[in-house]
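For the sequence shown, position 496 (counting from the first letter as 1) is numbered 496 according to full-length UniProt numbering, and the numbering increases by one without interruption.
For every residue, glycine included, the Cβ atom is placed at its ideal position computed from N, Cα and C.
Keep in mind that this is a model prediction, so the values were computed, not measured.
Everything on this sheet refers to the single structure shown next.
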Amino acid sequence: MDMMKMNGTSEGNKRSLLKTSDILYYEVLDIPLPELQGLKSLKVAFHHATKNEVVIHNIRLPKQSTVGDLISELKTKVELSHSNAQLRLLEVFYHKIYKIPEEEKNLGPHDRLIHVYHFTKEIAQNQMNIQNFGEPFLLVINEDETLAEIKVRIQKKVRVSDEEISKWKFAFLSLGRPEYLQDSVIVSGLFQRRDVHGAWEQYLGLEHSHSARKRAFAADQVVHFRSLERPKEDDFILELSKLHNYDEIVERVSHQIGLDDPSKIRLTAHNWYSQQPKPQPIQYQGAENLSDMLVHYNKTSDILYYEVLDIPLPELQALKSLKVSFHRAAKDEVVIHNMWLPKQSTVRELINELKTKVELSHPNAELRLLEIFYHKIYKIFPPSEKIENINDQYWTLRAEEIPEEEKNLGPHDRLIHVYHFIKETAQNQMQIKNFGDPFFLVIHEHETLAKVKVRIQKKLQVPDEGFSKWKFSFITLGHSEYLQDSDIVSSHFQRRDIYGASEQYLGLEHSDSAPNRAFAANQNA
């Protein structure tokens with residue numbers, strides 16, 4: 001019996017751990033998946049011989065390929081210093097070179113190929129520790145070459161000033177112990193091995209302040225760049241300095257994608273918590289350096305989003321961007337338009353620009369701009385209002401044609417708000433929840449609800465069967481009063497104008513079936 005209880009409990013625990021998701025992610029590959037699964041993907045950082053730049057390349061090759069095959073493929077993707085340049089592949093870990101391929105250039109009889117690493121010393125618990133940093137590299141030295149001669153070549157390679165390199169110390173390190181060298185020392189005599197395979201435990205060390213050389217050796221931040229249109233997938237990867245300024249970063253991005261004008265690049269930072277692009281892009285020269293772009297509430301990201309603009313970003317920032325939903329009068333369709341206008345433009349100028357982009361029901365149609373929030377109309381913008389202070393982040397901006405019957409209201413006509421709603425019970429209280437598209441409707445002085453319903457059904461094109469289930473209410477400040485077909489609708493509305501009248505409206509109570517259908521469709525998919 002106890003065993004049966006235990007088994008039952010175990011099965012119950014298993015069932016409680018089983019979770020069913022309703023989400024699947026997809027991606028479109030550039031090659032068929034069976035082919036892709038036969039490939040090996042490697043991320044290779046290419047260091048140019050004469051330029052201070054590092055570019056990350058994702059290389060895909062058949063799994064049986066050799067390093068030689070990989071290098072041949074890489075040559076087709078990178079800019080070489082000369083046509084006969086040879087490449088080698090290194091394995092780097094914690095700023096040390098651990099492995100190079102056997103295919104190494106032939107050294108002369110009196111040459112040595114040595115490792116050169118940057119380092120600092122730290123004292124912890126009365127013990128000296130060596131900490132490497134920066135980019136390690138290999139250097140060919142001649143058997144008679146002094147440290148003074150080698151220092152000249154190292155200075156040229158790492159591009160430091162005379163003043164800075166004069167503060168550096170040079171040491172031979174073997175198994176973590178430094179032996180400081182004088183300029184007159186013959187360096188090659190210190191290295192027991194002539195080859196570099198496995199020789200990382202002995203190297204020529206360059207001791208200097210990490211902070212003093214931070215800019216030169218901060219080029220260790222790998223940044224994943226994603227198109228703002230495809231925010232879930234990397235487009236390319238660059239290794240940058242954390243102290244690269246704004247101009248340097250957009251220049252590298254434009255070079256990577258083959259764009260002539262870096263000012264047409266706009267960057268957007270990554271929200272570390274939501275794992276999405278931040279709502280607002282980075283302004284032109286709006287961040288001092290890469291570190292500022294990547295930090296979000298004390299969290300550091302490695303993702304930046306980019307987009308290519310039609311005009312330079314400084315020009316674009318002089319414009320106001322507004323997202324406007326255009327509702328056609330004769331068709332049940334909504335089209336979103338991104339409008340760009342000078343910040344001092346008026347609503348009238350915005351509407352005139354929108355008219356050039358949309359299909360009107362007739363050439364003389366007039367448009368108006370509405371402010372919508374939670375399925376209620378809160379404002380009709382006056383044509384003279386400046387667009388600079390209009391906010392489309394929290395409010396929906398809707399443009400629509402003004403019906404002819406609204407242009408010339410009779411002395412006893414009213415223009416009222418009409419909203420869809422359902423009733424919900426929360427904490428033993430009835431609450432009204434609006435949904436769908438709100439609209440205006442002209443009602444006449446002695447018009448009954450029965451006549452108003454006919455016009456609403458025609459406007460919304462609702463079938464008889466569904467429309468017969470709808471209920472109609474006069475709602476003011478959240479309180480609803482159901483109406484009968486014989487009621488005179490206009491008698492319930494105290495205000496003749498529509499400005500500020502969103503607190504009283506004609507409510508259409510019916511089920512919000514559209515989300516349910518969408519949910520069912522998603523489940524079926």
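By the CB criterion at 8 angstroms, H337 and K357 fall inside the cutoff.
Annotation: the continuous alpha helix (DSSP H) that includes Y246 extends over 246-257. Between S263 and D234, the alpha-carbon positions lie close to 22 angstroms from each other.
For the options N126, E400, D392, V452, the alpha carbon positioned closest to that of D413 is the one of V452. Remark: fewer than three beta-carbon pairs, one from each stretch, lie closer than 8 angstroms, so the stretch 472-482 and the stretch 386-398 are not flagged as touching.
For the pair L415 and N289, the Cα-to-Cα distance works out to about 55 angstroms. Within the model, the alpha-carbon separation for S513 versus F435 is close to 10 angstroms. By the 16-neighbour rule on beta-carbons within 10 angstroms, R252 is buried. In this structure, I402 keeps its C-beta atom at 8 angstroms or more from the C-beta atom of E353. Judged by DSSP secondary structure, I23 falls outside any alpha helix (DSSP H); it is assigned neither H nor E.
When DSSP states are grouped into helix, strand and coil, V308 belongs to the strand group. A residue is called buried when at least 16 other Cβ atoms come within 10 angstroms of its Cβ; H82 does not meet this threshold and is exposed. The DSSP-derived three-state label of V454 is helix.
Of the candidates P136, F137, G189, F119, F119 places its Cα closest to the Cα of N129. Selection L173, L24, I422 evaluated against Y117 yields L173 as nearest (Cα-Cα). When rounded, the separation of the alpha-carbon atoms in S486 and E405 is 23 angstroms. Closest option to K343, judged by alpha-carbon separation, among V67, Q127, A318, I351: A318. The stretch 295-309 makes contact with the stretch 270-283, as at least three CB pairs between them are under 8 angstroms.
Comparing C-alpha distances from I257 to each of R153, E307, M293, L147 shows the shortest one belongs to E307. Secondary structure at A269: strand, using DSSP grouped into helix, strand and coil. By the neighbour-count criterion, in which 16 or more other beta carbons inside 10 Å mark a residue as buried, S21 falls on the exposed side. Beta-bridge pairing by DSSP links A171 to Y180, G205.
F373 counts as exposed, since fewer than 16 other beta carbons sit within 10 angstroms of its beta carbon. According to DSSP, A399 shares a beta bridge with F326, L369. Restricted to the stretch 419-452, the beta strand (DSSP E) segments that are unbroken, complete and at least 3 residues in length are 429-443, listed in chain order.
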